[in-house]
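Under UniProt numbering, the first residue of the sequence shown carries the number 1, and numbering increases by one thereafter. Yeah, the Cβ is synthetic: ideal placement off N, Cα and C, and Gly gets one too. A quick note: this is a predicted structure, and the numbers were derived from the prediction, not measured.
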Amino acid sequence: MFAPTVPPSSSAPPAPLSRPDHPFPYAHAEQAAYNRQLALEEDVIEVAIKRFRKMARDATTRGDVVTHRPAADLLAGWFGPFALAVKRNSQQVGKTEAGAGGKKAKRRNRRSEAAPRTGPGRMSVEQEMRAVLKELSPEAISVITIHTILATTMKEPHGVPLSRLAFAVGNTARAEINYKKIAELKRKQERAEKADRVEGKSTRARGGKKPAKRKRSAQAILNSAIASSSSIASAVNYAAQQVAVKDAKWSDRETMLLGTHLIDLLVNIAKVEEEPGKFAPAFVHFLKFKKSEKVRVGCLQLSDAALRLLSDDGNILADSVTPKQQPMVVRPRPWMSPARSPYLSCRANLIRTVPGKALERALNGADLSLLYQGLNALGDTAWTVNRGVLDVAETLWENGGGKAGLVTKQDVAVPNKKKFMAEQLAAFQDDKRLGRPPSDFVEGDVVDEEEYIFDEGKASRRLRFERKKAQKLNRELVSMRADTNHKIVHARRFAEEERLWLPHNVDFRGRAYPIPAYLQHMGCDMTRAMLTFARPGIELGPRGLYWLKIHLANKMGGDKLSFDERIGLAEANMGRAIAVGQEPMSDKNMEWWSKAEDPFQLLAVCQELADASGRYGGELAMEGYESRLPVSMDGSCNGLQHYAALGRDVVGGEQVNLVPNNRPQDVYTGVAKLVNKRIDELAADGDEVAELLRGKISRKVVKQTVMTSVYGVTLIGAKQQIKNRLAEIDGFPEDKLFPASLKLASLTLSSLGDMFGGATKTMDWLYDAATLISRDGHEVQWTTPVGLPVIQPYRREGQTVVRTLMQRVTLEKSGEHSPVYGARQRSAFAPNFVHSIDSSHMVLTAMGAQRMGLNFAAVHDSFWTNAAHVDRMNAVLREQFVRLHSRDLLDELRESFLIRYPGIEFPEVPARGQLDLDVVRDSPYFFS
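Okay, here's the thing in structure tokens:
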């Protein structure tokens, strides 16, 4: 495992640790950590293989082809050729019969069509296929056949008697036809029942008798058959006979003939890839001696090649599964190529999603040196678990959760039918006694006393809705609990490690993410707080203490105040913060910190201040403390900051703090004020909806829409966002939510357009450019400022939906030859382009911070470092922003488009405003 060491007699230094396939040297002093890292990686691979194998076993036991990915891939691969073979086979049957000609042939065809499915007039296999194809499409036959054969042979890998398999295939096809006929009968019965109800009401109005009660419905008979049978196909066929569906019963011979014919077609088509370019049959037919009957029975089984693919051979899986990675206990290997992982033995790709062939070619031809430097700088930051936060999180979790943002371990109560119906009846009686109109009362209607009766059906529907809502929430809670538990367990596992590293990779737009799944600083509030920089800390000094106080104020919700006001807020609450850090679990202290927006991050800064204050406290003692807590500086609606810089938009730049000011500008508050002004004007003109909205529009109501506007939110999306916020306002009438949210969404987006005219013009230009490119049949492609080629992966997947009795099967086929998805290419380009710009800014900042010897981490537009180094980080991030946007990025983009898409004439980029980017260097609230 290790390179041989130099004998003691030699004067040469010890050789570095490395593996031949992973030549990155580690010092011999790191041998123990190196060994632990290899063991960790081998462990996560083994866990991933076990998890995958269990999923495969479970799917195989169920015969579930669709959820078992390798089997689903085979289904998708064989589907097209098999459906085509079925179609050609049916056409051949038709031609053969047409070619027979003559009166005898016509009479024979008529007899076969009219013949019963049993007895002397039995059908031939050709006639059977023709009859089946009249009822089922080749696509449906394809899914039924492949699904049945794969499911059965997966459950019985040692071989399935061909007769039983053929009967199963034919029986399932028969059930599919019978189900369609039952469904048609059900629709006829429902129409008849509706007519009876209308007639019954009319008869009762005339004083006549009620119509006679109908026989048991087809659906009721089908439901009963399914409930009492282990086979859906057999249940459907039985129910079809019970409700007298025409030709519901087939002879065993006809069922077997059809099944055998379909099996024969599939066996000749189905292949699996043993090696690249080398294919082998997926099924093997053999004879098996049956001792009890002393005969040889024909059987079908999966071939060795197919079994290896479906059972996931360990050696194959070790190279192919994607394990849920963990932090590293040694420094990551540097990125040097798209496929060279930072881990010692685990696979990890540069791009988080599997790149297509076009992107692979682009990556192989690109200069990614800047991107590699940035990712290596991010991965070079050493971390450790914040045990103070972990201890509190563990205690709260063990006590049932439900506090400080933790998910509760208590399920939501699912309404009890008896109790719920009693409550609904009681509420109805109260309304009736107090003279309130029914809930579906329309103004102007007259309520008839006889019609004012309790609607049990409506109450039952409401009960079903409430039960489904509670059950859905409980299912979500299960997932959330598992996620929380994983994070706490992983943090405890690494709590004793002195140093941890988080290797990074990027999404297709270049946004960087830590590779570890659970313990990483981009997780939820709890996981962000559970990590801190590794030792040694950096002495706070006066400026470090200043920024630690600013961080406290930010986590208390004061991030929209001026710096002086934030310092005042922090100092006014310093005693409380230190008390929380010392005794976080006391009732009084819990009440204070656990209700914050980011409670665990607030707790972390309180604990840091308590540690810094020491035994005696005081500013001087705190300034001498070696702090390891990450302090964050956040951008002001960072997407709009980049848009304002791209368009040199003076007004927009002022709103997002590109321009120096004596206090931070809050774009959300600015938009809310402009919207309120317009609502007042509309209300004054008699607009009823505006009058309803008057005085109710706060920063919170418009924040999500403003935030997502740079990411291409539509009017429909904005309406839903605002509708959710309006629904939270006490007393807001439910029946007015739709018109109010629609009007408010329109006003919010138009106000944004007025405030950020430059951004709107830039977004429109990007949208138009993407429209031209996608209409020409191309994907939108560009290169980020750090050299990463980006290809928008939006193509229309070749999707075939086949509805069968068992389920609806969706077969997707995508690739470079699928048509470009124009709508997605257009709508996604502007937000994706801005993401590629903000990610480049972060990567460049990481490189600059590393050159200055700073600890650095980032959560997209939130940049972290030690408190004492915030001033230096602030200088770096501003300098990199100015340098980045000093380039004519839109002109560069247009020039690249003209070269890449020579047949398209692109419009000129929008005229820029007069914003001087140099002022960003002096803007205190640009990132704060």
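Can you tell me which of the three DSSP states V790 falls into?
strand
Under a Cβ-count criterion, where at least 16 other Cβ atoms within 10 Å of its own Cβ denotes burial, should E908 be classed as buried or exposed?
exposed
Within 10 angstroms of its Cβ, does V920 collect 16 or more other Cβ (buried), or is it exposed?
Around the beta carbon of V920, 16 or more other beta carbons lie within 10 angstroms, which makes this residue buried.
Do the CB positions of H835 and R509 come within less than 8 Å of each other?
Result yes, Cβ atoms of H835 and R509 sit closer than 8 Å.
Short of 6 Å in beta carbon distance, which residues of its chain neighbour G653, apart from the five on each side in sequence? Order them along the chain.
A644, V659 and L915
Would you decide whether R88 is buried or exposed? Buried here means 16 or more other CB atoms lie within 10 Å of its CB.
exposed
Got a sec, what are the start and stop residues for the alpha helix (DSSP H) L548 sits in?
G541 to A553 is the span of the alpha helix (DSSP H), which, as asked, contains L548.
Once you ignore the five residues that flank D776 on each side, which residues in its own chain have a CB closer than 8 Å to its CB?
Closer than 8 Å at the Cβ level, and outside the excluded window around D776, lie Y901, G903 and I904.
Residue interval of the alpha helix (DSSP H) (run including Q842):
In the sequence on display, residue 842 carries Met and not Gln. Segment G822 to R851, the alpha helix (DSSP H) holding M842.
Measure the C-alpha to C-alpha separation of K736 and L692 and round it to an integer number of angstroms.
9 Å
Give me the Cα-Cα distance between K468 and T714, rounded to the nearest whole angstrom.
So the two alpha carbons sit approximately 29 Å from each other.
For C637, which residues of its own chain have a beta-carbon under 6 Å away from its beta-carbon, when the five flanking residues on both sides are left out?
V656 and V667
Is the Cβ of T152 closer than 8 Å to any Cβ of chain D?
Within the model displayed, chain D is absent; a lone protein chain is all it includes.
Nearest CA to the CA of A755: which residue from V44, K560, F454 and V650?
Per the sequence presented here, residue 755 reads as Met, with Ala not at that position. Of all alpha-carbon atoms in V44, K560, F454 and V650, the one lying nearest the alpha-carbon of M755 is that of V650.
In whole angstroms, what separates the C-alpha of S234 from that of N171?
7 Å
Taking the DSSP output, what are the residues bridged to G635?
F927
How about N505 and L375: are their beta carbons less than 8 Å apart?
yes
Can you give me the Cβ contacts of L350 inside the same chain, cut-off strictly under 6 Å, excluding the 5 residues immediately before and after it?
Here the set comprises P338 and N505.
State buried or exposed for Q721, treating a residue as buried only when at least 16 other CB atoms are found within 10 Å of its CB.
buried
Look up C299 in the DSSP assignment and give the residues it is bridged to.
P161 and F286
In this structure, how does DSSP classify K271 when only helix, strand and coil are distinguished?
strand
The alpha helix (DSSP H) enclosing A491, as first and last residue numbers
E456 to R493
Do you know offhand how far L74's Cα is from D507's?
Those two C-alpha atoms are separated by around 28 Å.
K278 (DSSP reduced to helix, strand or coil)
strand
With a Cβ-Cβ cutoff of 8 Å, do V44 and K290 count as a contact?
no
If you reduce the DSSP assignment to three classes, tell me which class F906 lands in.
F906: coil per DSSP, three-state reduction.
Limits of the unbroken alpha helix (DSSP H) element including N364:
K357 to N364
In chain order, what residues of the same chain lie with their CB nearer than 8 Å to the CB of E42, ignoring the 5 residues before and after it?
S345
Beta-carbon proximity of K472 to G523, cut-off 8 Å
no
Can you say whether P355 is buried or exposed, counting buried as having 16 or more other CB atoms within 10 angstroms of its CB?
buried
Could you check where the beta strand (DSSP E) with N866 kicks off and where it finishes?
S862 to N866
Rounded separation between A382 and E895 - CA only
The alpha-carbon atoms of A382 and E895 are separated by roughly 41 Å.
Take G544 as the anchor and find which of E135, A612, N724 and N662 has the nearest alpha-carbon.
A612
G541 beta carbon less than 8 Å from that of A868:
yes
Closer than 8 Å is the cut-off here; do at least three beta carbon pairs connect the stretch 695-704 with the stretch 779-789?
no
Please give me, in chain order, every unbroken run of the alpha helix (DSSP H) with length at least 4 that falls completely inside the stretch 651-690.
List check, alpha helix (DSSP H) in window: 667-684.
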